[in-house]
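Numbering follows our numbering, with no gaps: position 111 of the sequence shown is 113.
No residue lacks a Cβ here, since even glycine has one placed at the ideal position from N, Cα and C.
Report on the structure given below.
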Amino acid sequence: HTFLVPSEANSRVVSGFLDYLKVEKGLAPLTVAAYTSDVAQFTGFLNKRERSLLAARRNDVRDFIQQLFANSVDGRSVGRKLSALRHLYRYLLLDKLIQHDPTLNIDSPKQWKVLPKSLARDEMEIMLRAKRPASKGKYGEALALRDRAMLEVFYAGALRVSEIVAVKLADLKLDLGYVLVRGKGDKERIVPLGKSAQEVL
């Protein structure tokens with residue numbers, strides 16, 4: 003019975019919102035159906051947080067959108083879902099059912115980016131310990147050694163891909179245990195290299 007009260011409150015809110023879309027906004031049936039589905043999805047998200055539509059906060063909307071992106075929902079679909087929520091909370095404000103709109107100042111989907119997923123330490127160590135594939139062709143072994151060295155430096159120095167591919171031999175100070183890296187805006191920084199990276203290099 004945990005979600006009984008939020009569910010009842012949500013049902014009343016959604017019912018009133020649908021009437022608003024059909025009667026006052028005069029939206030097409032397909033648009034109404036799409037908005038209904040979007041609001042239902044957000045309602046399910048809130049239910050897991052034991053929160054009703056009327057009690058939703060800005061961070062709930064942001065977390066919902068972030069979850070959509072994390073689940074590979076495309077930007078256009080996310081934009082429509084955000085539009086549905088904006089319509090919903092505008093309606094609730096007009097009816098004085100809420101005092102604050104949780105969708106205010108939420109960036110448009112084009113400005114959202116999902117944080118890159120990083121490898122766990124164990125996963126990286128498995129990659130580094132993996133046996134080299136059998137050499138293919140004249141340069142097979144050399145390429146395998148190069149790839150291993152790049153992985154070690156990449157991991158040891160927490161470099162960007164663009165940074166590691168731009169490193170020149172003159173930037174490597176192996177005797178001193180560091181490499182000179184040029185990052186964004188052509189800014190230089192010194193990156194220390196661990197013993198393992200030094201040995202492979």
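- Task: Write down the C-beta distance between Gly179 and Leu195 rounded to the nearest angstrom, noting that I regard them as a contact closer than 8 Å.
- Result: 6 Å
- Task: Could you tell me the boundaries of the beta strand (DSSP E) in which Leu90 lies?
- Result: Element bounds for Leu90: not the beta strand (DSSP E) but the alpha helix (DSSP H), 77-96.
- Item | C-alpha gap between Ala36 and Asn61, whole angstroms | 23 Å
- Query: What's the C-alpha gap between Gln200 and Asp188?
  - Reply: 25 Å
- Item | Pick from Arg123, Tyr91, Leu176 that is closest to Gly18, judged by C-alpha positions | Tyr91
- May I have the straight-line CA-CA distance separating Ser198 from Glu154, to the nearest angstrom? 7 Å
- Item | Residues near Ile100 by beta carbon distance below 8 Å, same chain, minus five either side | Leu56, Tyr91, Leu94
- Counting Cβ pairs closer than 8 Å, one from the stretch 20-28 and one from the stretch 67-82, do we hit at least three? Proximity of the stretch 20-28 to the stretch 67-82 falls short of the contact definition, fewer than three beta-carbon pairs being nearer than 8 Å.
- Message: Once the 5 residues before and after Ile192 are set aside, which same chain residues still bring their CB inside 7 Å of it?
- Response: Tyr180, Leu182
- Unbroken alpha helix (DSSP H) run spanning Glu190, endpoints: Here Glu190 belongs to no alpha helix (DSSP H); instead the beta strand (DSSP E) covers 190-194.
- Query: My guess is that Asp40 and Arg82 are in contact by the Cβ rule of under 8 Å, so how many angstroms apart are they, rounded?
  - Reply: 7 Å
- Message: I need the DSSP call for Leu174, collapsed to helix, strand or coil.
- Response: The DSSP-derived three-state label of Leu174 is strand.
- Query: What is the DSSP secondary structure of Arg53, counted as helix, strand or coil?
  - Reply: coil
- Message: Going by the DSSP bridge assignment, what does Arg184 pair with across the sheet?
- Response: Glu190
- Rounded to whole angstroms, what's the CA-CA distance from Arg150 to Ile128? Just pull it up for me. 12 Å
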